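Chemist: Reminder that position 164 of the sequence shown reads as 164 in UniProt numbering, one-by-one numbering, no gaps. Glycine residues also receive a C-beta, built at the ideal position from the N, C-alpha and C atoms. Remember, predicted model here, so these are calculated numbers, not experimental data. This is the structure, below, for whatever I ask next.
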Amino acid sequence: MRLLHIYTLVGCLLVSAFAKAQDTLSYETFKKNNKERVGLERDTITIIDSITTTSFVNEIDKVELKTLSRDSVVFKLEDEPLAARLDSLWRHELARMDLYDSITNMVQGLEYKEEVYLDLPTDTLKKRLALINERTPFNVGYTASLESVIKGYLKRHKPSMERLMEISQFYFPMFEETLDKYDIPLEMKYLAIVESALRPRAKSRVGATGLWQFMFSTGKIYGLDVNSYVDERMDPIMATEAACQYLSKLYELFGDWDLALASYNSGPGNVSKAIRRSGGYQNYWNIRNNLPRETAGYVPAFLATMYLFEYADEHGYQPKKAPVNYFETDTVHVKQLITLEQVAKITGEPLEVIQFLNPSYKLDIIPVVKDEKYYLRLPVEKIGPFVQNEEEIYAFAKAEIDKREKPLPKFTTSSSQVRYRVRSGDYLGKIANRYGVRVSQIKKWNNLKSNNLRVGQRLTIYPRKPVTSSSSSSSAKTVVNNGKKVYTVKQGDSLWKIANKFPGVSVSNIKVWNDISGTNLKPGMKLIVSK
Numbered sequence: 001m002r003l004l005h006i007y008t009l010v011g012c013l014l015v016s017a018f019a020k021a022q023d024t025l026s027y028e029t030f031k032k033n034n035k036e037r038v039g040l041e042r043d044t045i046t047i048i049d050s051i052t053t054t055s056f057v058n059e060i061d062k063v064e065l066k067t068l069s070r071d072s073v074v075f076k077l078e079d080e081p082l083a084a085r086l087d088s089l090w091r092h093e094l095a096r097m098d099l100y101d102s103i104t105n106m107v108q109g110l111e112y113k114e115e116v117y118l119d120l121p122t123d124t125l126k127k128r129l130a131l132i133n134e135r136t137p138f139n140v141g142y143t144a145s146l147e148s149v150i151k152g153y154l155k156r157h158k159p160s161m162e163r164l165m166e167i168s169q170f171y172f173p174m175f176e177e178t179l180d181k182y183d184i185p186l187e188m189k190y191l192a193i194v195e196s197a198l199r200p201r202a203k204s205r206v207g208a209t210g211l212w213q214f215m216f217s218t219g220k221i222y223g224l225d226v227n228s229y230v231d232e233r234m235d236p237i238m239a240t241e242a243a244c245q246y247l248s249k250l251y252e253l254f255g256d257w258d259l260a261l262a263s264y265n266s267g268p269g270n271v272s273k274a275i276r277r278s279g280g281y282q283n284y285w286n287i288r289n290n291l292p293r294e295t296a297g298y299v300p301a302f303l304a305t306m307y308l309f310e311y312a313d314e315h316g317y318q319p320k321k322a323p324v325n326y327f328e329t330d331t332v333h334v335k336q337l338i339t340l341e342q343v344a345k346i347t348g349e350p351l352e353v354i355q356f357l358n359p360s361y362k363l364d365i366i367p368v369v370k371d372e373k374y375y376l377r378l379p380v381e382k383i384g385p386f387v388q389n390e391e392e393i394y395a396f397a398k399a400e401i402d403k404r405e406k407p408l409p410k411f412t413t414s415s416s417q418v419r420y421r422v423r424s425g426d427y428l429g430k431i432a433n434r435y436g437v438r439v440s441q442i443k444k445w446n447n448l449k450s451n452n453l454r455v456g457q458r459l460t461i462y463p464r465k466p467v468t469s470s471s472s473s474s475s476a477k478t479v480v481n482n483g484k485k486v487y488t489v490k491q492g493d494s495l496w497k498i499a500n501k502f503p504g505v506s507v508s509n510i511k512v513w514n515d516i517s518g519t520n521l522k523p524g525m526k527l528i529v530s531k
């Protein structure tokens, strides 16, 4: 009997109905005939429409069963195809970086000017804020500044907020459980929206990372380890626990949740200075003008988000229903090094699902280190079969790793981390070669969306080889220690010209060997031109 995701009821109903249809029945006919009988909701049809515009039969592929056998033991997991397709769309939506950028711009670009929004009269807003204020310890009093922020969100950011409301269904139950454990107002869950747009791997321009945007040093204080394989600031449960501990300390310091919020963003020192400069006031709105610009917009953004979530129905927000929440997953202690790609092969779950559920593993590798425990998070129905077949799974993983042409990166501690300052003439390929890493790794570690760098920019790098000074040789062709030929790019060179200089070398070879995707070259750039 198939294991079905309990959260994909809609998918089950659709497949059940589809089984009764003829094989040649088109999706449009299927939707027309079955919409009323199955009771499909409009948003479900919208999701299905986004999956296919051709034959419904052709779009639902047969699931390839992943098997792992040893003697008479067969380890098999299978998934329901339509449910998997729906989940894939959902995971892709959760991982989109543009939502984080949108929220960051919303918070940092707040303008406190009068907004015209006819659907929300000021008197109505005042009454609603007063009702929120009655049930929360936050100071949710009406101000003209807060009104302008709320109306600005309603006017310009409705699609972003609807997507956040959808994603929140996955994380909020877990947030609320931990917040309650520390006696923190449950409304504090909205802080993660303002901080990271609910993106576990979000990284700010100054290096704050994860759902709760911990800086490296603050994360260390609250037990969040960072090394070459793992960044626990990206672990949703561990980071939420640490955030609650930090917020509790801030509240003990100020005795006010608004000021705790402000100090979470800018640090307790800046809040204390703002109190002094304001003449001793301890109400956020009285000290706001003395806070850093970003923090001045931080609490209004938080309160505006709270308002929109609390009154989403009144403003016509219609977020899709999340197919799963965090409590429908579970963890297993990993006893041998294994990659997320191998986990995907073994369990039959799409790789993006495994990556989404395990965001703290930066290189998609779960290490095994003395005195450390690392866990793999899976949908609950995959946990039992994984535990039941651990011996075979680890044997498969080891055999596959042993066959690799290149070994997996060795585990290194955070003490090997390098903070590199970009200099004039630097480019990612040059920096990557200097430290023995890949361009893609540097981009991932620093949350870079392009190859563009600016002089003075700081990069976090985890070196794979001793750092050596760059060669000053002007020779067009040299041989490095490992026997690979390196070519120094000259003015007027192109990848095609360089490839033709070396028999048997193609443009695609040079791109792969140097981990580059474009065709732009700079004089002085060094390229590997042999295997």
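Assuming Ser-440 and Asp-231 form a contact by the criterion Cβ under 8 angstroms, report the distance between their Cβ atoms to the nearest whole angstrom.
Modeler: Numbered from 1 along the sequence shown, position 440 holds the residue referred to as residue 440. Numbered from 1 along the sequence shown, position 231 holds the residue referred to as residue 231. Going by Cβ atoms, the distance from Ser-440 to Asp-231 rounds to 16 angstroms, so no, they are not a contact pair.
Chemist: From Phe-216, Ile-237 and Ala-242, pick the residue whose C-alpha is nearest to that of Tyr-222; which is it?
Modeler: Translated into positions along the sequence shown, residue 222 becomes position 222. For Tyr-222, the nearest C-alpha among the options comes from Ala-242.
Chemist: Distance check for Lys-449 and Trp-257, CA to CA, integer angstroms please.
Modeler: Start at 1 with the first residue of the sequence shown, and residue 257 comes out as number 257. Start at 1 with the first residue of the sequence shown, and residue 449 comes out as number 449. In a straight line, the C-alpha of Trp-257 is about 35 angstroms away from that of Lys-449.
Chemist: Out of Ala-239, Val-437 and Trp-496, point me to the one whose CA is closest to Asp-515's CA.
Modeler: Translated into positions along the sequence shown, residue 515 becomes position 515. Nearest C-alpha to Asp-515: Val-437.
Chemist: Between Lys-526 and the rest of its own chain, which residues show a CB-CB distance below 6 angstroms, the 5 nearest in sequence each way excluded?
Modeler: Looking up residue 526 in the sequence shown gives position 526. Once the five neighbours on either side are set aside, the close Cβ partners of Lys-526 are Val-486 and Thr-488.
Chemist: Considering only the alpha carbon of each residue, which of Lys-370, His-315 and Glu-392 lies closest to Gln-342?
Modeler: Sequence index remark: in the sequence shown, residue 342 carries index 342 (1-based). It is Glu-392 whose Cα lies nearest to the Cα of Gln-342.
Chemist: With a 10 Å radius around its C-beta and 16 neighbouring C-beta atoms as the bar for buried, classify Thr-209 as buried or exposed.
Modeler: Counting from 1 along the sequence shown, the entry for residue 209 is found at position 209. Thr-209 is buried by the Cβ-count criterion.
Chemist: Which residue's Cα is closest to the Cα of Thr-305: Ala-192, Asn-265, Ala-202 and Ile-401?
Modeler: Walking along the sequence shown from the start, residue 305 turns up at place 305. The shortest C-alpha separation from Thr-305 is found at Ala-192.
Chemist: Relative to the alpha-carbon of Leu-376, which residue among Leu-337, Gly-255, Pro-173 and Lys-126 has its alpha-carbon at the smallest distance?
Modeler: In the sequence shown, residue 376 corresponds to position 376, counting from 1. Looking at the Cα atoms, Leu-337 is the closest of the given residues.
Chemist: List the DSSP bridge partners of Leu-378.
Modeler: Taking the sequence shown and counting its residues from 1, the one referred to as residue 378 is at position 378. Leu-378 pairs with Asp-330.
Chemist: State the start and end residues of the unbroken beta strand (DSSP E) segment that holds Pro-125.
Modeler: Stepping through the sequence shown from its first residue, residue 125 is reached at position 125. A quick correction: the sequence has Leu, not Pro, at residue 125. Counting along the chain, Leu-125 falls outside any beta strand (DSSP E), though it belongs to the alpha helix (DSSP H) covering 122-134.
Chemist: Going by DSSP, what residue range makes up the alpha helix (DSSP H) through Ile-510?
Modeler: Taking the first residue of the sequence shown as position 1, residue 510 is located at position 510. Per DSSP, Ile-510 belongs to the alpha helix (DSSP H) from 507-514.
Chemist: Quick one: is Glu-372 buried, meaning 16 or more other Cβ sit within 10 Å of its Cβ, or exposed?
Modeler: By 1-based counting over the sequence shown, the position of residue 372 is 372. Exposed.
Chemist: Along the alpha helix (DSSP H) that carries Leu-164, what are the first and last residues, could you check?
Modeler: The sequence position of residue 164 within the sequence shown is 164, counting from 1. 158-181 is the extent of the alpha helix (DSSP H) around Leu-164.
Chemist: Are the C-beta atoms of Ala-208 and some chain C residue less than 8 angstroms apart?
Modeler: Among the chains of the structure shown, chain C does not appear; only one protein chain is present.
Chemist: Using only alpha-carbon positions, find the residue among Lys-181, His-157 and Ser-424 that is nearest to Arg-458.
Modeler: Walking along the sequence shown from the start, residue 458 turns up at place 458. Of the candidates Lys-181, His-157 and Ser-424, the one whose C-alpha sits nearest the C-alpha of Arg-458 is Ser-424.
Chemist: For the alpha helix (DSSP H) that Lys-484 lies in, which residues bound it at each end?
Modeler: Position 484 of the sequence shown, counted from the start, is the residue given in the question as residue 484. That residue, Lys-484, is in no alpha helix (DSSP H); it is neither H nor E in DSSP.
Chemist: Are the Cβ atoms of Glu-390 and Lys-335 separated by less than 8 angstroms?
Modeler: Residue numbering aside, residue 390 sits at position 390 when the sequence shown is read from its first letter. Residue numbering aside, residue 335 sits at position 335 when the sequence shown is read from its first letter. In contact: Glu-390 and Lys-335 (Cβ atoms closer than 8 angstroms).
Chemist: For Thr-460, report the span of its beta strand (DSSP E) as first-last.
Modeler: For this step, residue 460 is matched to residue 460 along the sequence shown. Segment 458-461, the beta strand (DSSP E) holding Thr-460.
Chemist: Drop a sphere of 10 angstroms on the beta-carbon of Phe-170, count the other beta-carbons inside from all chains shown, and report buried for 16 or more, exposed for fewer.
Modeler: Along the sequence shown, read from residue 1 onward, the residue named residue 170 stands at position 170. Buried, since its Cβ has 16 or more Cβ neighbours within 10 Å.
Chemist: Does the separation of the CB atoms of Asn-358 and Leu-340 fall below 8 angstroms?
Modeler: On the sequence shown, residue 358 is found 358 positions in, with the first residue counted as 1. On the sequence shown, residue 340 is found 340 positions in, with the first residue counted as 1. The answer is yes: Cβ separation under 8 angstroms.
Chemist: Going by DSSP, what residue range makes up the alpha helix (DSSP H) through Lys-526?
Modeler: Working through the sequence shown from its first residue, we reach residue 526 at position 526. Taken as a continuous stretch (DSSP letters only), Lys-526 belongs to no alpha helix (DSSP H), being part of the beta strand (DSSP E) at 526-528.
Chemist: Within the continuous beta strand (DSSP E) that includes Tyr-420, where are the two ends?
Modeler: Taking the first residue of the sequence shown as 1, we reach residue 420 at position 420. Where Tyr-420 is concerned, the enclosing beta strand (DSSP E) stretches over 418-421.
Chemist: Give the straight-line distance between the Cα atoms of Tyr-190 and Tyr-394, rounded to the nearest whole angstrom.
Modeler: As a position in the sequence shown, residue 190 is number 190, starting the count at 1. As a position in the sequence shown, residue 394 is number 394, starting the count at 1. In a straight line, the C-alpha of Tyr-190 is about 40 angstroms away from that of Tyr-394.
Chemist: I need the boundaries of the alpha helix (DSSP H) containing Met-215, first residue and last residue.
Modeler: Translated into the one-based positions of the sequence shown, residue 215 becomes position 215. That residue, Met-215, is in no alpha helix (DSSP H); it is neither H nor E in DSSP.
Chemist: Is it buried or exposed for Asn-227, if we count other Cβ within 10 angstroms and need 16 for buried?
Modeler: Numbered from its first residue, the sequence shown carries residue 227 at position 227. Counting Cβ neighbours within 10 Å, Asn-227 comes out buried, since at least 16 surround it.
Chemist: In whole angstroms, what is the alpha-carbon distance linking Asn-452 and Tyr-427?
Modeler: Counting from 1 along the sequence shown, the entry for residue 452 is found at position 452. Counting from 1 along the sequence shown, the entry for residue 427 is found at position 427. If you take the alpha carbons of Asn-452 and Tyr-427, they lie about 8 angstroms apart.
Chemist: Going by DSSP in three states, Val-324 sits in which element: helix, strand or coil?
Modeler: The count along the sequence shown starts at 1 and reaches residue 324 at position 324. DSSP places Val-324 in coil when its eight states are reduced to three.
Chemist: Thinking just about the alpha-carbon of each residue, which of Arg-201, Tyr-229, Lys-249 and Met-188 is nearest to the one in Thr-218?
Modeler: Along the sequence shown, one-based indexing puts residue 218 at 218. For the residues Arg-201, Tyr-229, Lys-249 and Met-188, the minimum Cα distance to Thr-218 belongs to Lys-249.
Chemist: Do Pro-300 and Ser-145 have their C-beta atoms within less than 8 angstroms of each other?
Modeler: The residue labelled residue 300 in the question sits at position 300 within the sequence shown. The residue labelled residue 145 in the question sits at position 145 within the sequence shown. For Pro-300 and Ser-145, yes; Cβs fall inside 8 angstroms.
Chemist: Compare the Cα-Cα distances from Leu-521 to each of Lys-490, Trp-513 and Thr-122 and report the closest residue.
Modeler: Residue mapping note: residue 521 aligns to position 521 of the sequence shown, counting from 1. Nearest option by C-alpha distance: Lys-490.
Chemist: Roughly how many whole angstroms lie between the Cα atoms of Lys-443 and Pro-350?
Modeler: Position 443 of the sequence shown, counted from the first residue, corresponds to residue 443. Position 350 of the sequence shown, counted from the first residue, corresponds to residue 350. About 23 angstroms.
Chemist: Name the DSSP bridge partner or partners of Val-230?
Modeler: Numbered from 1 along the sequence shown, position 230 holds the residue referred to as residue 230. The partner list for Val-230 (beta bridge, DSSP) reads Tyr-361.
Chemist: Can you tell me whether DSSP reads Ile-431 as helix, strand or coil?
Modeler: The residue labelled residue 431 in the question sits at position 431 within the sequence shown. Here Ile-431 sits in helix by DSSP.
Chemist: Would you mind working out which of Asn-265, Tyr-246 and Arg-293 sits nearest Ile-184, comparing C-alpha positions?
Modeler: Counted from its first residue, the sequence shown places residue 184 at position 184. Of the listed residues, the one whose Cα sits closest to Ile-184 is Tyr-246.
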